[in-house]
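Chemist:
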Amino acid sequence: MAQRIKIKDLFEKQPIGEEITVMGWVRTKRGSKNVAFIALNDGSTIKNIQIVVELNANNESLVDKATTGAAIAVNGKVVASQGSGQAIEINCTTLEILGEANPEEYPLQPKKHSLEFLREIAHLRYRTNTFSAVGRIRHAMTFAIHKFFNDKGFYNIHTPLITGTDAEGAGEMFQVTTLDIANPPKNEDGTINYKEDFFGKPANLAVTGQLEAELAALALSQVYTFGPTFRAENSNTTRHLAEFWMIEPEVAFADNNDNMDLAEEMLKYCVKYALENCKDDLEFLSSRLTDEEKSKPQDQRSMELIEKLQFVLANDFERITYTEAINILKNSKPNKNKKFNYIIEDWGADLQSEHERFLVEKHFKKPVIITDYPAGIKAFYMKLNDDGKTVKAMDILFPGIGEIVGGSQREERYDVLKQKIEQFNIPHESVWWYLETRKFGTVPHAGFGLGFERLLLFVTGMTNIRDVIPFPRTPKNAEF
Ligand code: 4AD
Ligand code: MG
Numbered sequence: 001m002a003q004r005i006k007i008k009d010l011f012e013k014q015p016i017g018e019e020i021t022v023m024g025w026v027r028t029k030r031g032s033k034n035v036a037f038i039a040l041n042d043g044s045t046i047k048n049i050q051i052v053v054e055l056n057a058n059n060e061s062l063v064d065k066a067t068t069g070a071a072i073a074v075n076g077k078v079v080a081s082q083g084s085g086q087a088i089e090i091n092c093t094t095l096e097i098l099g100e101a102n103p104e105e106y107p108l109q110p111k112k113h114s115l116e117f118l119r120e121i122a123h124l125r126y127r128t129n130t131f132s133a134v135g136r137i138r139h140a141m142t143f144a145i146h147k148f149f150n151d152k153g154f155y156n157i158h159t160p161l162i163t164g165t166d167a168e169g170a171g172e173m174f175q176v177t178t179l180d181i182a183n184p185p186k187n188e189d190g191t192i193n194y195k196e197d198f199f200g201k202p203a204n205l206a207v208t209g210q211l212e213a214e215l216a217a218l219a220l221s222q223v224y225t226f227g228p229t230f231r232a233e234n235s236n237t238t239r240h241l242a243e244f245w246m247i248e249p250e251v252a253f254a255d256n257n258d259n260m261d262l263a264e265e266m267l268k269y270c271v272k273y274a275l276e277n278c279k280d281d282l283e284f285l286s287s288r289l290t291d292e293e294k295s296k297p298q299d300q301r302s303m304e305l306i307e308k309l310q311f312v313l314a315n316d317f318e319r320i321t322y323t324e325a326i327n328i329l330k331n332s333k334p335n336k337n338k339k340f341n342y343i344i345e346d347w348g349a350d351l352q353s354e355h356e357r358f359l360v361e362k363h364f365k366k367p368v369i370i371t372d373y374p375a376g377i378k379a380f381y382m383k384l385n386d387d388g389k390t391v392k393a394m395d396i397l398f399p400g401i402g403e404i405v406g407g408s409q410r411e412e413r414y415d416v417l418k419q420k421i422e423q424f425n426i427p428h429e430s431v432w433w434y435l436e437t438r439k440f441g442t443v444p445h446a447g448f449g450l451g452f453e454r455l456l457l458f459v460t461g462m463t464n465i466r467d468v469i470p471f472p473r474t475p476k477n478a479e480f
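The opening position of the sequence shown corresponds to residue 1 in this note's numbering, with each subsequent residue numbered one higher.
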């Protein structure tokens, strides 16, 4: 057989008249007594190549085995397509079955499957148009993020996944231990003796790489992390994973305004990159979404996907303070009519996702950045404003998603930070090294965290975060 060509390259080159070999998985097969048409996909593109097989006594039993899901290799001549919908097809000369897929058992028969069902067969769902499109876009966004930061002179750093600190202070960490949990070593007072544990003290999976990213930024000036993050929060929502990927840039000699500018520029860069490089996949996902939306009443339908992405590119994000946000919410219809589950009464209340979505989807109708939150509802490391009660935080809220980015300018003053650490009851021995950076050559610096899967929700138009990561980890779910 000739050397294999990927289906994406085949559509790009269109080598009409040439003998080529393609390999892939059968999506569908139809035909008559004399001829079979096989739609073949190899994952390099959302498009299938049509294979035309003239049936004869020699190949009939072979073609019978080329059922949906089977892997095949095809040698043949590229010709202009007779049918509509595609420019080229392959007239098969040799067909080889690489791996059969028994139609009695193969669960992905060509019909519409619900996303819920596909989650149960996540080991096979990459073979659908939807998940292969999401998978390719996930790759493109990974690449775009590295390119964005690399082109700006940022250094990618690798922060530890095992840590002794709870940096976000939310206490939602997975413990890492080699102790026998059925029979752990005890101290005299009955508590567990962690001196005998692997690290000689309690350890957890990291909820963020930020603190270590700050150490690097205070030497390399501009850095970013891009890694897995673990949170044991028991929230079974369409926006939360127990294992997700986060991008955390950290910049020295920068304040919260620089931080917002960087975040907005990065988000727009990613969206633009997707529009320019993932056209076929976005068109597919867009039409998929439009189909889904048909069942909803007109006023609840969202904007067409590609239109929505272009809209975000074309508009500045709205920037408001927490105090302004509270005033808008207090005077809003759903608050007055008690339609919110959490009624906003006083300054200081934490914003729930219903409030965030009201601001973004109903009030401003575009991405919103909220700054200067009350110190009490944000992490210890955020820089205290001169008012003594708010911090230089910034959260970016996106339509359909809510919070996509969370960040802040960092508290660079030794005394203020030390006091905050005490106020938040953070054990000194777990953050002494962090505090020391404020003693030696401290400078204003800022950074943020982008939830990678939340970005993917936005770009792909998928509505459940379990569908933008190949193998989701959520409460009571760690299959595959
Ligand atoms: O707002 P968060 O908790 O901020 C931090 O972790 C900071 N250390 C970031 C920094 O300043 N360097 O998380 C950042 C983002 C959120 O805005 C959200 O997009 C995402 O991470 N995120 C989650 N995504 C999926 N599942 C979860 N359970 C998430 N928790 C946060
Ligand atoms: Mg946050």
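Positions of the beta carbon are idealized from the N, C-alpha and C atoms, including for glycine.
#1: Can you give me the start and stop residues for the alpha helix (DSSP H) that R119 sits inside?
#2: Report back the beta-carbon spacing between A242 and R473 to the nearest angstrom; my notes put them in contact at under 8 Å.
#3: Just the Cα atoms here: how many angstroms apart are H240 and K13?
#4: Please check the pair V79 and I88, which I expect to be a contact at CB under 8 Å, by giving their CB distance rounded to whole angstroms.
#5: Would L55 and N41 qualify as a contact pair, given that the criterion is a beta-carbon distance under 7 Å?
#6: How is E12 classed by DSSP in three states: helix, strand or coil?
#7: Considering only heavy atoms of the ligand 4AD, does any lie closer than 6 Å to the CB of Q210?
#8: How big is the Cα-Cα spacing for T390 and N257?
#9: Going by DSSP, what residue range makes up the beta strand (DSSP E) through H445?
#10: In angstroms, rounded to a whole number, what distance separates the CA positions of Y155 and K418?
#11: Let me know the secondary structure DSSP gives F284 once reduced to three states.
#12: To the nearest angstrom, how far is it from the Cα of N259 to the Cα of F131?
#13: What ranges does the alpha helix (DSSP H) occupy inside the stretch 71 to 137, keeping only unbroken runs of at least 4 residues that lie completely in it?
#14: Inspect the beta-carbon positions of F458 and F398 and report whether they are closer than 7 Å.
#15: With DSSP run on the structure shown, which of helix, strand or coil describes M246?
#16: What is the rounded straight-line gap between the Cα of H146 and the Cα of E318?
#17: Hey, which unbroken runs of the beta strand (DSSP E) at 3 residues or more fall wholly within the stretch 349 to 416?
#18: Alpha carbon to alpha carbon, how far is L267 from E276?
#19: For K77, which residues from the same chain have a beta carbon less than 6 Å from its beta carbon, with the 5 sequence-adjacent residues on both sides left out?
#20: In three-state terms, what does DSSP make of V207?
#21: Could you check if D291 is buried or exposed, using at least 16 other CB atoms within 10 Å of its CB as the buried criterion?
Modeler: In short:
#1: Working through the sequence shown from its first residue, we reach residue 119 at position 119. It spans 115 to 120 - the alpha helix (DSSP H) in which R119 sits, taken as one unbroken run.
#2: Here residue 242 is taken as the residue at index 242 of the sequence shown, counted from 1. Here residue 473 is taken as the residue at index 473 of the sequence shown, counted from 1. In this structure A242 is in contact with R473, their Cβ atoms being roughly 4 Å apart against a cut-off of 8 Å.
#3: For the purposes of this step, residue 240 is identified with residue 240 of the sequence shown, where counting begins at 1. For the purposes of this step, residue 13 is identified with residue 13 of the sequence shown, where counting begins at 1. If you take the alpha carbons of H240 and K13, they lie about 42 Å apart.
#4: Looking up residue 79 in the sequence shown gives position 79. Looking up residue 88 in the sequence shown gives position 88. Going by Cβ atoms, the distance from V79 to I88 rounds to 7 Å, so yes, they are a contact pair.
#5: Working through the sequence shown from its first residue, we reach residue 55 at position 55. Working through the sequence shown from its first residue, we reach residue 41 at position 41. For L55 and N41, no; Cβs fall outside 7 Å.
#6: Translated into positions along the sequence shown, residue 12 becomes position 12. Per DSSP, reduced to three states, the secondary structure at E12 is helical.
#7: Against the sequence shown, residue 210 aligns to sequence position 210. At a threshold of 6 Å, Q210 counts as near the ligand 4AD, since its beta carbon sits closer than that to one of the ligand's heavy atoms.
#8: Within the sequence shown, numbered from 1, the residue matching residue 390 stands at position 390. Within the sequence shown, numbered from 1, the residue matching residue 257 stands at position 257. Their Cα atoms are separated by approximately 16 Å.
#9: If you number the sequence shown from 1, residue 445 lands on position 445. Run containing H445: 445 to 451, per the beta strand (DSSP E) assignment.
#10: Along the sequence shown, read from residue 1 onward, the residue named residue 155 stands at position 155. Along the sequence shown, read from residue 1 onward, the residue named residue 418 stands at position 418. Rounded to whole angstroms, the gap between the alpha carbons of Y155 and K418 is 29 Å.
#11: In the sequence shown, the residue the question calls residue 284 occupies position 284. Correct three-state label for F284: helix.
#12: Translated into positions along the sequence shown, residue 259 becomes position 259. Translated into positions along the sequence shown, residue 131 becomes position 131. Roughly 33 Å separates the two Cα atoms.
#13: Within the stretch 71 to 137, complete alpha helix (DSSP H) segments of at least 4 residues are found at 115 to 120, given in chain order.
#14: Within the sequence shown, residue 458 is the residue found at index 458, counting from 1. Within the sequence shown, residue 398 is the residue found at index 398, counting from 1. Cβ distance < 7 Å, so F458 and F398 count as in contact.
#15: Here residue 246 refers to the residue found at position 246 of the sequence shown. Note: M246 maps to strand in three-state DSSP.
#16: Sequence index remark: in the sequence shown, residue 146 carries index 146 (1-based). Sequence index remark: in the sequence shown, residue 318 carries index 318 (1-based). Cα to Cα, H146 sits roughly 26 Å from E318.
#17: The qualifying runs are 368 to 374, 390 to 398, 402 to 409.
#18: Here the question's residue 267 lines up with position 267 in the sequence shown. Here the question's residue 276 lines up with position 276 in the sequence shown. E276 has its alpha-carbon roughly 14 Å from the corresponding atom of L267.
#19: Your numbering for residue 77 matches position 77 in the sequence shown. Hits under 6 Å: E19, N91.
#20: Sequence index remark: in the sequence shown, residue 207 carries index 207 (1-based). It is coil, neither helix nor strand.
#21: Position 291 of the sequence shown, counted from the first residue, corresponds to residue 291. With fewer than 16 other beta carbons inside 10 angstroms of its own, D291 counts as exposed.
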